[in-house]
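Colleague: Would you mind keeping the following structure in view while I ask a few things?
There are 2 protein chains.
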Amino acid sequence: MTMYHDLNTPERILLGPGPSMVEPRVLRAMAHPLLGHLDPMFIGLMKEVQELLRYVFQTNNELTLPISGTGSASMEATVVNLIESGDEILIGVNGYFGERLCDMASRYGGIVNRLEKPWGEVITPEEVEKALQKRPAKIVAVVHAETSTGALTPLEDMGRVVHKHGALLLVDCVTSLGGVPVKIDEWDVDIAYSATQKCLSCPPGLGPLTVGERAREVIRKRKSKVPNWYLDLTMIEHYWGDERTYHHTAPITMNFALREALRIVQEEGLEKRFARHRENSQMLWQGLEDLGLKCVVPKEHRLPSLTTVAVPEGVDETAIRKSLLTEYNIEIAGGLGAFKGKVWRIGLMGYSSRKENILLFLSAMEKLLKQAGQSP
Amino acid sequence: MTMYHDLNTPERILLGPGPSMVEPRVLRAMAHPLLGHLDPMFIGLMKEVQELLRYVFQTNNELTLPISGTGSASMEATVVNLIESGDEILIGVNGYFGERLCDMASRYGGIVNRLEKPWGEVITPEEVEKALQKRPAKIVAVVHAETSTGALTPLEDMGRVVHKHGALLLVDCVTSLGGVPVKIDEWDVDIAYSATQKCLSCPPGLGPLTVGERAREVIRKRKSKVPNWYLDLTMIEHYWGDERTYHHTAPITMNFALREALRIVQEEGLEKRFARHRENSQMLWQGLEDLGLKCVVPKEHRLPSLTTVAVPEGVDETAIRKSLLTEYNIEIAGGLGAFKGKVWRIGLMGYSSRKENILLFLSAMEKLLKQAGQSP
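Chains as they are written, first to last, in my numbering: chain A, 8 to 383; chain B, 8 to 383.
Spelled out as structure tokens, the structure:
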């Protein structure tokens, strides 16, 4: 019989597209003894998680909670609850996660209209308006912060345009929530989802989600049952609500972790947290430029929490990443899809966004690029 | 702004239908710093989780892995991957979770044939055969250990009968895996799912699953795409397989926990673990009898990991549970569905199944029943 050694994970410096590093306080929260999921103490804790999620989403939406799966599950929850077979959905596709939304929507019988932009660019309200004029839709979905490209799509004017055409606005906030402003109420976003392992610096395993009144009304008026049991928001809502109707068993320890991670966000304060992410990203961008490296996304749309850098001609993309990991315990990522082999992705999210990490990473990169025959 | 206090959970003695208590070693494993989900070290750890899951499922099935959601998600994964619209499925309904299988199957267009038995009874191979003779099915689904009733359906002869009629055998092992024998290969089960928070004594958040060759072939030959992105086993398989194709981000910390929980199962050894569950349940049953309480399920089908006890006439079911929790930190559960208000459910699962817990629980019950005017 194989014997398995004690778990002994190194202290990785996680500067990829997520997971980010987890604050020691959050790690310790997970070592707490379990409560039953119907224990009054756990019910109190669930309410706190909801309140704290409303704070980071900047919303008063009652239906705000973490889906009991990763960010992909909360993404699917938004799609499957809103779409009924034959519904038109306009999806902004400017990266990998827009593609994924198209796949999900079509699995549920949605008729997908793709608003395509080159990877690294953003979707504008004008383009959305034009597309809706040509072909109306029930839902418009955009990715706020594309984790595959590092582009931040401005949303200030998106809700107005979408609602003018009678559609609902669905937003992916996976890599923005907790790192850059996400103003669900002010921007009039109808439904949005995120993940815990990005700018919230909690381990992966829960998918924060918020649903506004307009979207709830659409869900209430569905003609067909939601074709997905685990992600049926009507049942999940009654589990998280005062009725506490049994649905599934919430991942208790993960909720301990999320509560602690959100408490840390609240203690720092959103504005200070956004400023930290902004300032640190500027330090990174300056450093990359000094090394002669080029960021893919123009500065005005560049995401503070995730930066894509072009791999210089003649440099072995994977070899550099491997050396960073094995020699310096630093993780960054390569590109996905259209960007595969062409870019590195460097995340500065939540607890990972610290000056010491940036300085170390830049020094390591300088060394490795020199060894690869590239000097600034 | 509301300030939230430090997490400070009491040491609950969890004797309900799950979650069970978590071993201190598992709690400590969750406090380890995170690895990236594509880190070679995490990939090695995933392989170990798969090997250890094969050990507890007693199977050589290559496709054995934890779904990144709770047990309900792994339940849905089995249903949605096997069923295509219009497929016939025979479901043994002798409790709450058989009902849930019916709901899930019908959401995916399955034509459900219910094999109903009163709550607390079991489904026999003879009954399954009779039902299949009347009306063939593509899939037969049974709940091995019904968490709502505490009945254990014998499976030794089920696979033979089901396969004779050309169907696939789908089994719910949520409350059996790690507590009573689950012999996937010997019993010729085609697909089975479980949860982590029962007899494996790991927090909830992952859903172990195993798929045999016959079921994989059915999945490969589907005419339609799986109408569920998050639970599409073909994609999940390539994420867990050597290709490591990105699908979602696995709940990393939860996998640390599951690995440690499974390592503890392996160290104890399955046979010794089953014997411990059996012996401790006998101590509980004897003690309940001495208190004048009646177990609902006849001894020959009674589940060691979960016991349902009839609430005596005139006793306030919820008041007793409340006193157990607030005065003695002991959690047990009430009944679900048909058993609501009529039974208590007492779990002795994994790390919760210890003599000191049973003795304490019985003493507390004796005290509380006396106070309620019931004396043995």
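We put the CB at the ideal spot given by N, CA and C, even for glycine.
For residue 127 of chain A, which of helix, strand or coil comes out of DSSP?
Modeller: Taking the first sequence and counting its residues from 1, one reaches residue 127 of chain A at position 120. Three-state DSSP puts residue 127 of chain A in coil, outside helix and strand.
Colleague: Should the region 108-126 of chain A be regarded as contacting the region 226-237 of chain B, the criterion being three or more beta carbon pairs within less than 8 Å?
Modeller: The region 108-126 of chain A vs the region 226-237 of chain B: in contact.
Colleague: Taking the alpha carbon of residue 68 of chain B as the point to measure from, which residue in B:74, B:58 and B:76 has its own alpha carbon closest?
Modeller: Working through the second sequence from its first residue, we reach residue 68 of chain B at position 61. Ranking B:74, B:58 and B:76 by Cα distance to residue 68 of chain B puts B:58 first.
Colleague: Rounded to whole angstroms, what is the Cα-Cα separation between residue 33 of chain B and residue 208 of chain A?
Modeller: The residue labelled residue 33 of chain B in the question sits at position 26 within the second sequence. The residue labelled residue 208 of chain A in the question sits at position 201 within the first sequence. Rounded to the nearest angstrom, the two C-alpha atoms are 21 Å apart.
Colleague: Under the three-state reduction of DSSP, which class applies to residue 271 of chain B: helix, strand or coil?
Modeller: Here residue 271 of chain B corresponds to residue number 264 of the second sequence, with the count starting at 1. Three-state DSSP puts residue 271 of chain B in a helix.
Colleague: In chain order, what residues of the same chain lie with their CB nearer than 6 Å to the CB of residue 375 of chain B, ignoring the 5 residues before and after it?
Modeller: Taking the first residue of the second sequence as position 1, residue 375 of chain B is located at position 368. Closer than 6 Å at the Cβ level, and outside the excluded window around residue 375 of chain B, lie 327 and 330.
Colleague: What is the DSSP secondary structure of residue 32 of chain B, reduced to helix, strand or coil?
Modeller: As a position in the second sequence, residue 32 of chain B is number 25, starting the count at 1. Of the three classes helix, strand and coil, the one that applies to residue 32 of chain B here is helix, per DSSP.
Colleague: Going along chain A, which residues have a C-beta under 8 Å from residue 359 of chain B?
Modeller: Taking the first residue of the second sequence as 1, we reach residue 359 of chain B at position 352. Neighbours of residue 359 of chain B on chain A: none; closest Cβ ~10 Å, over 8 Å.
Colleague: Taking DSSP as the reference, what is the three-state secondary structure of residue 287 of chain A?
Modeller: By one-based count along the first sequence, residue 287 of chain A stands at place 280. In the structure shown, residue 287 of chain A sits in a helix (DSSP, three-state: H, G or I).
Colleague: Out of A:241, A:120 and A:164, which one is the CA nearest neighbour of residue 6 of chain A?
Modeller: Outside the modelled stretch of chain A, which goes from 8 to 383, sits residue 6 of chain A, for which no answer is possible.
Colleague: Is the CB-CB distance between residue 162 of chain A and residue 151 of chain A below 8 Å?
Modeller: Here residue 162 of chain A refers to the residue found at position 155 when the first sequence is read from its first residue. Here residue 151 of chain A refers to the residue found at position 144 when the first sequence is read from its first residue. Against a cut-off of 8 Å, the Cβ pair of residue 151 of chain A and residue 162 of chain A comes out as a contact.
Colleague: With a threshold of 8 Å between beta-carbons, can residue 57 of chain B be considered close to chain A, or not?
Modeller: By 1-based counting over the second sequence, the position of residue 57 of chain B is 50. By this cut-off, residue 57 of chain B is not an interface position.
Colleague: DSSP three-state label for residue 206 of chain A, please.
Modeller: Translated into the one-based positions of the first sequence, residue 206 of chain A becomes position 199. Coil.
Colleague: So the beta strand (DSSP E) residue 99 of chain A belongs to, where does it begin and stop?
Modeller: Within the first sequence, residue 99 of chain A is the residue found at index 92, counting from 1. 95-100 is the span of the beta strand (DSSP E), which, as asked, contains residue 99 of chain A.
Colleague: At a CB-CB cut-off below 9 Å, which residues of chain B make contact with residue 199 of chain A?
Modeller: As a first step, residue 199 of chain A must be located in the first sequence, where it is residue number 192. Under the 9 Å cutoff, chain B gives no residues; its nearest Cβ is about 18 Å from residue 199 of chain A.
Colleague: Using the three-state DSSP reduction, which class does residue 236 of chain B fall into: helix, strand or coil?
Modeller: Walking along the second sequence from the start, residue 236 of chain B turns up at place 229. Coil at residue 236 of chain B, not helix or strand.
Colleague: So is residue 253 of chain A in contact with chain B if we call contact Cβ pairs under 8 Å?
Modeller: The count along the first sequence starts at 1 and reaches residue 253 of chain A at position 246. So yes, residue 253 of chain A belongs to the interface.
Colleague: Run down chain B in chain order and give the residues with a C-beta less than 9 Å from the C-beta of residue 48 of chain A.
Modeller: Within the first sequence, residue 48 of chain A is the residue found at index 41, counting from 1. In chain order: 16, 17 and 19.
Colleague: Within the continuous alpha helix (DSSP H) that includes residue 256 of chain B, where are the two ends?
Modeller: Here residue 256 of chain B is taken as the residue at index 249 of the second sequence, counted from 1. Run containing residue 256 of chain B: none; DSSP gives neither H nor E here.
Colleague: Can you tell me whether residue 26 of chain B is buried or exposed? The criterion is at least 16 other CB atoms within 10 Å of its CB, across all chains shown.
Modeller: Mapped onto the second sequence, residue 26 of chain B falls at position 19. By the 10 Å Cβ count, residue 26 of chain B comes out buried.
Colleague: Starting from residue 35 of chain B, find everything on chain A with Cβ-Cβ shorter than 8 Å and list it in chain order.
Modeller: Position 28 of the second sequence, counting from 1, holds the residue named residue 35 of chain B. Residues of chain A passing the Cβ test: 38.
Colleague: Residues of chain A with CB closer than 8 Å to the CB of residue 110 of chain B, please, in chain order.
Modeller: The count along the second sequence starts at 1 and reaches residue 110 of chain B at position 103. In chain order: 236.
Colleague: Could you check whether the Cβ of residue 259 of chain B sits closer than 8 Å to any Cβ belonging to chain A?
Modeller: Stepping through the second sequence from its first residue, residue 259 of chain B is reached at position 252. Chain A, which has a Cβ nearer than 8 Å to the Cβ of residue 259 of chain B, makes this yes.
Colleague: Work out the CA separation of residue 203 of chain B and residue 14 of chain B for me, nearest whole Å.
Modeller: For the purposes of this step, residue 14 of chain B is identified with residue 7 of the second sequence, where counting begins at 1. For the purposes of this step, residue 203 of chain B is identified with residue 196 of the second sequence, where counting begins at 1. In a straight line, the C-alpha of residue 14 of chain B is about 23 Å away from that of residue 203 of chain B.
Colleague: What's the call for residue 325 of chain A, buried or exposed, on a 16-neighbour Cβ count within 10 Å?
Modeller: As a first step, residue 325 of chain A is located in the first sequence; it is residue number 318 there, counting from the start. With fewer than 16 Cβ atoms within 10 Å of its Cβ, residue 325 of chain A is classed as exposed.
Colleague: Which ranges would you report for the alpha helix (DSSP H) in the region 148-176 of chain B if only whole runs of at least 4 residues count?
Modeller: With a minimum length of 4 residues, the continuous alpha helix (DSSP H) runs that stay inside the region 148-176 of chain B are 165-171.
Colleague: Could you check if residue 252 of chain B is buried or exposed, using at least 16 other CB atoms within 10 Å of its CB as the buried criterion?
Modeller: Taking the second sequence and counting its residues from 1, one reaches residue 252 of chain B at position 245. When all chains shown are included, residue 252 of chain B counts as exposed.
Colleague: Can you tell me whether residue 247 of chain B is helix, strand or coil according to DSSP?
Modeller: The residue given as residue 247 of chain B occupies position 240 in the second sequence. Helix.
Colleague: On the three-pair Cβ rule with 8 Å, is the region 285-295 of chain B touching the region 77-94 of chain B?
Modeller: At 8 Å Cβ cutoff, the stretches do not touch.
Colleague: Would you check if the region 245-259 of chain A and the region 174-194 of chain A touch, i.e. whether three or more CB-CB distances between them fall below 8 Å?
Modeller: Short answer: they don't touch.
Colleague: Specify the secondary structure class of residue 338 of chain A as computed by DSSP and reduced to three states.
Modeller: Within the first sequence, the letter at position 331 stands for residue 338 of chain A. Here residue 338 of chain A sits in strand by DSSP.
Colleague: Can you find at least 3 beta carbon pairs, one from the region 121-132 of chain B and one from the region 262-276 of chain B, that sit closer than 8 Å?
Modeller: Output reads no: the region 262-276 of chain B does not touch the region 121-132 of chain B.
Colleague: CA-CA distance, residue 269 of chain B and residue 336 of chain B?
Modeller: Walking along the second sequence from the start, residue 269 of chain B turns up at place 262. Walking along the second sequence from the start, residue 336 of chain B turns up at place 329. Cα-Cα distance, rounded: 27 Å.
Colleague: List the DSSP bridge partners of residue 179 of chain B.
Modeller: Translated into positions along the second sequence, residue 179 of chain B becomes position 172. Residue 179 of chain B pairs with B:150 and B:200.
Colleague: Going by C-alpha to C-alpha distance, which of B:56, B:60, B:309 and B:322 sits closest to residue 299 of chain B?
Modeller: Your numbering for residue 299 of chain B matches position 292 in the second sequence. When each option's Cα is compared against that of residue 299 of chain B, the closest is B:322.
Colleague: Pick out whichever of A:157, A:281, A:100 and A:158 has its Cα sitting closest to the Cα of residue 189 of chain A.
Modeller: In the first sequence, residue 189 of chain A corresponds to position 182, counting from 1. Closest by alpha carbon: A:281.
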